[in-house]
Amino acid sequence: MSTRPEPAAARSAARRRAGLLAATEPVRAAASAGALALSYPLLRGAPRGEPHAVLVLPGLLASDTSTVTLRRWVRGLGYPVVGWELGRNRGPTKEITEALPKLVARLAEQHGGPVSVIGQSLGGIYARRLALRVPRLVRQVVSLGSPFGLAGRPTDGTPGARAYDRYRHLHSVAGRSRGGPGGSLPVPSTAVYSPWDGVVDWRACRQEPGPRAENVGVHASHLGMGHDPAVLWLVADRLAQTREGWRPFTPPARLRLLYTRDDED
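Just so you know, we're using our numbering here: the sequence shown kicks off at 1108 and counts up by one.
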């Protein structure tokens, strides 16, 4: 006799787990901040590469304030980094869809080359769209807990999807690229996800792996990704990649436990 749960029981267990993860998001985000302070000595040896412009995009309902730690980290590595300076992110409004390509173009001109774009949650979806719209201006994309796999599909009832729906009436359809942000990109891309994400479905945050496309799992909460030690090291490693010699991420031995294994997903 099979001991596997019936579909209804499995769905109920999944809902309970999702509810628990959502309820504990703030506590787990705070834990990541504490872990950052404790692990700072290990992070001091993070890789550094050639200086180039970096743009950091915030998540839904967040502003540049939410990415201060991440930008401070990137700046400390020697890269000129900026936030988007567009206020609170209420979704793909007409202002945002028109302003972001211009911002990337300005940064590329100022710093003499393509821009690395790091986006948290919804910001990562914007980053992937930028890579499709202006690929010659984007050096690489790093998305942090970004459910780009749901773009163009019905919402899935997660807390992040419900929040997005509340602002849907403000969103513009302008600037959407053929293929959508969930498809392959013409630039290197790293999709960071966490099986313990309490805001979005982590499975929608992964892409089809390829020669220049990868997925990296971490133990972070959704809200804590921007200051999680594993994410910060990964960001340093990705920014240090050369334009011609991009290679998939390999965690250093001393930090390997900060990343998930395939059998944990």
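C-beta: ideal position from N, C-alpha, C; glycine also.
- Within the same chain, Arg1155 and Ala1343 come within 6 angstroms of Leu1184 by CB-CB distance, once the 5 residues on both sides are set aside.
- Residue state for Ala1347 is assigned as coil, using DSSP reduced to three classes.
- Restricting attention to beta strand (DSSP E) runs no shorter than 3 residues, the segment 1189-1257 encloses them at 1222-1227 and 1245-1251, ordered along the chain.
- Boundaries of the alpha helix (DSSP H) harbouring Leu1143: Glu1132 to Leu1150, taken from the DSSP string.
- Here Gly1333 has Ser1173, Thr1174, Thr1176, Leu1177, Gln1227 and Leu1251 as same chain residues with Cβ atoms under 8 angstroms from its own Cβ, once five neighbours each way along the sequence are excluded.
- Per the C-alpha coordinates, the member of Pro1295, Tyr1300 and Trp1303 positioned closest to Ala1347 is Pro1295.
- In the three-state DSSP reduction, Val1175 falls in the helix class (H, G or I).
- Between the alpha carbons of Arg1313 and Asn1322 lies a distance of about 6 angstroms.
- Taking 8 angstroms as the upper bound for CB-CB distance, Ser1328 and Gly1305 are in contact here, some 6 angstroms apart.
- With respect to the 9 angstroms criterion, Leu1207 and Tyr1186 are not classified as neighbours on the basis of their beta carbons.
- According to DSSP, residue pairing for Gly1317 in a beta bridge involves Ala1320.
- The C-alpha of Arg1246 lies about 9 angstroms from the C-alpha of Ala1160.
- In this structure, Leu1239 sits away from Val1222, with a CB-CB distance that is not shorter than 9 angstroms.
- Taking 9 angstroms as the cut-off, the beta carbon of Leu1277 is found no closer than this to the beta carbon of Ala1268.
- The criterion of a C-beta distance shorter than 9 angstroms is not satisfied by Val1307 and Thr1367.
- Note that the C-beta distance between Pro1358 and Leu1365 is below 9 angstroms.
- Buried is the label assigned to Ser1139, since at least 16 other Cβ atoms lie within 10 Å of its Cβ.
- Leu1193 and Ser1170 have their C-alpha atoms roughly 8 angstroms apart.
- The DSSP-derived three-state label of Ala1129 is helix.
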